[in-house]
Amino acid sequence: MLELFHAAPSYYSMVARLALAEAGIATTSRLLDIHLAKQQLSDAYRALNPHMTVPTLRGPDLLLTDSSEILAFAAARAGAAWADADPTLAPAIGDAVQGHYAISIETLTFSKLLTARPWLRPLVARLLSGLSRQLEQRAAHTAVDPAALLAKAQQDRERLQTLTATPAPETLAAMRAQVRAYLQGLPPVADGAWLFGSRLSSADVVLAVLLARLTMAAELPLLDRPDLQGWWQRYQGRPAFTAADLWTRFQRRRFLEALLEARRTPILSSAA
Ligand SMILES: N[C@@H](CCC(=O)N[C@@H](CS)C(=O)NCC(=O)O)C(=O)O
Numbered sequence: 063m064l065e066l067f068h069a070a071p072s073y074y075s076m077v078a079r080l081a082l083a084e085a086g087i088a089t090t091s092r093l094l095d096i097h098l099a100k101q102q103l104s105d106a107y108r109a110l111n112p113h114m115t116v117p118t119l120r121g122p123d124l125l126l127t128d129s130s131e132i133l134a135f136a137a138a139r140a141g142a143a144w145a146d147a148d149p150t151l152a153p154a155i156g157d158a159v160q161g162h163y164a165i166s167i168e169t170l171t172f173s174k175l176l177t178a179r180p181w182l183r184p185l186v187a188r189l190l191s192g193l194s195r196q197l198e199q200r201a202a203h204t205a206v207d208p209a210a211l212l213a214k215a216q217q218d219r220e221r222l223q224t225l226t227a228t229p230a231p232e233t234l235a236a237m238r239a240q241v242r243a244y245l246q247g248l249p250p251v252a253d254g255a256w257l258f259g260s261r262l263s264s265a266d267v268v269l270a271v272l273l274a275r276l277t278m279a280a281e282l283p284l285l286d287r288p289d290l291q292g293w294w295q296r297y298q299g300r301p302a303f304t305a306a307d308l309w310t311r312f313q314r315r316r317f318l319e320a321l322l323e324a325r326r327t328p329i330l331s332s333a334a
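Counted the way my numbering counts, the sequence shown spans residues 63 to 334.
So, in structure tokens, the structure goes:
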């Protein structure tokens, strides 16, 4: 059985959940609390995923530590059921997937949050700089891959820089332009079809997660193409959309329930 380590509201976990659901791949859910308990930073999880991020997919002979790898795995398993299997379409699908990964979802989400609630800025700054300091202190006192902890601390400092060096509304405007250009660059979609014809593709999976996030951030007006609006309506009716638990609004109760469930996650119970 495959185990999916993920977090309920996490964007890249949703990419993995949707890819796996669309490909009909069953997994055991292993929820992580990446927000309060920060289980992704634990040594047990670090041994599994040195990037200290979710999602991770683990199987008897498999360890995938990035959503793009899980997406590619799902596409390979789906075989001819997905348009990715068509060599004439694969390059364009690959470009659409890559274009999606070039968008910093975190910058989009946080610049929106800080534009709407500027008073959160000092809190976010304190949290991120506190986290960097804690990681640096841990790195100084552990023999377990301290370089990875320092790299993560540096990443948090860079996040802080991105969020505070430029006023949030300016960052948000740049993110909106990038997302708009991405959506404009997607192929025209025929009535009743998916992005690359009658078969689903990896690009459909990432687009669905992106649009779910735009909806949650009240940024769906960026989607002004009627063909893609029709696509989005159709996509939300797919069984996998429900099965993958794509969040289109923040669900406080579910968020807290997932944190509680995460406390019981046997992170490495079946490891060597
Ligand atoms: N490139 C990675 C990015 C994963 C990622 O950034 N995950 C976020 C949640 S959406 C995370 O784990 N954040 C926790 C952290 O960075 O400490 C992927 O596609 O899997």
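All C-beta atoms in this analysis are idealised placements derived from N, C-alpha and C, irrespective of residue type, glycine included. Just so we're clear, the structure is a prediction, and the values are computed from it rather than from any experiment.
- Closest by C-alpha distance to M278, out of Y297, P184, L170, is L170.
- Not one heavy atom of ligand 1 sits closer than 7 Å to the Cβ of M278.
- In this chain, the alpha helix (DSSP H) harbouring T233 covers 230-247.
- Secondary structure of F135 (DSSP, three-state): helix.
- The beta carbon of I96 sits closer than 7 Å to at least one heavy atom of ligand 1.
- For L322, the enclosing alpha helix (DSSP H) begins and ends at 314-325.
- Listed as beta-bridge partners of G141 by DSSP are no residues whatsoever.
- Using a 10 angstroms sphere on the CB of S264, the tally of other CB atoms reaches 16 or more, which defines it as buried.
- Of the candidates F67, T90, L98, V77, L98 places its Cα closest to the Cα of L318.
- For V268, the distance from the CB to the nearest heavy atom of ligand 1 is not below 7 Å.
- The C-beta of R195 has fewer than 16 other C-beta atoms within 10 Å across all chains shown, which makes the residue exposed.
- A contact between stretches requires three or more CB pairs, one per stretch, nearer than 8 Å, and the region 250-257 fails this requirement with the region 179-197.
- Assignment of beta-bridge partners to S91 by DSSP yields L66.
- Rounded to whole angstroms, the Cβ separation of F303 and A270 is 7 Å, and the two are in contact under 8 Å.
- Your pair S129 and A78 checks out as a contact, with CB atoms roughly 5 Å apart and the cut at 8 Å.
- Taking the C-beta atoms as reference points, A137 is found no nearer than 8 Å to S173.
- Here DSSP, grouped into helix, strand and coil, assigns T118 to strand.
- Counting every other CB atom within 10 Å of its CB across the protein chains shown gives S260 a total below 16, marking it as exposed.
- When rounded, the separation of the alpha-carbon atoms in A143 and E84 is 10 Å.
- Between A81 and I132 the beta-carbon gap is near 6 Å, inside 8 Å, which marks them as a contact.
- Contact annotation: the region 202-213 does not touch the region 242-251, with fewer than three C-beta pairs closer than 8 Å.
- Each of I155, Q199, A227, E198 was checked against the Cα of L176, and the nearest Cα belongs to A227.
- For L124, no alpha helix (DSSP H) encloses it; the enclosing beta strand (DSSP E) starts and ends at 124-126.
- Spatial neighbours of R200 in its own chain (CB-CB distance under 7 Å, excluding positions within 5 residues in sequence) are listed in chain order as L211.
- Of the other Cβ atoms in all chains shown, 16 or more fall within 10 Å of the Cβ of R275; this residue is therefore buried.
- DSSP places L182 in the helix class (H, G or I) of the three-state scheme.
- In terms of Cβ geometry, P149 and L66 do not form a close pair [threshold 8 Å].
- The Cβ atoms of A145 and L262 sit closer than 8 Å to each other.
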